[in-house]
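>
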Amino acid sequence: MVKKNLSALKRVRQADKRALRNRAWKSRIKTIVKKVDTAVGTKDAETAQDALKEAIRVISKASSKGIIHRNTASRKISRLMKKVTAAFRSEAA
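Counting the sequence shown from 1 gives a position; the working numbering is that position plus 92.
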């Protein structure tokens with residue numbers, strides 16, 4: 093009969109729980125980025141701005157929780173901002 097190491101079993105449970113939480117956050121990030129892309133594609137400036145604001149909030153929060161690296165978060169936000177401003181620059185001018 094083999095004795096199980098209780099702390100190792102607990103660590104496995106914790107790792108599974110964290111992996112599930114991280115996957116949910118990453119999925120949330122992907123969804124909101126797609127929302128920004130579709131808003132830019134439909135040329136709807138107001139929806140794009142709202143989606144961008146929401147995306148920045150979600151990405152920043154994921155970064156602060158340690159789900160994604162802060163540089164990755166900055167890169168994602170920067171690319172989204174660039175995409176939105178490029179799409180609607182001609183309308184503003």
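Ideal Cβ placement from N, Cα and C applies to all residues, glycine included.
1. Would you call the CB atoms of valine 125 and alanine 147 closer than 8 Å?
2. My output table needs one value for lysine 127: the three-state DSSP class, helix, strand or coil.
3. Please list the terminal residues of the continuous alpha helix (DSSP H) segment that includes threonine 139.
4. Quick test of your reading: valine 150 and isoleucine 121, contact by CB under 8 Å. State the CB separation rounded to the nearest angstrom.
5. So within the stretch 157-181, which uninterrupted alpha helix (DSSP H) runs reach at least 4 residues, ignoring any that extend past its ends?
6. Considering only the alpha carbon of each residue, which of Gln141, Arg162 and Asn163 lies closest to lysine 175?
7. Report the rounded CA-to-CA distance for serine 152 versus alanine 107, giving the unit in angstroms.
Taking the structure as given:
1. yes
2. helix
3. 137-156
4. Your pair valine 150 and isoleucine 121 checks out as a contact, with CB atoms roughly 6 Å apart and the cut at 8 Å.
5. DSSP runs (the alpha helix (DSSP H)) wholly in the stretch 157-181: none.
6. Gln141
7. Counting only the Cα atoms, alanine 107 lies some 23 Å from serine 152.
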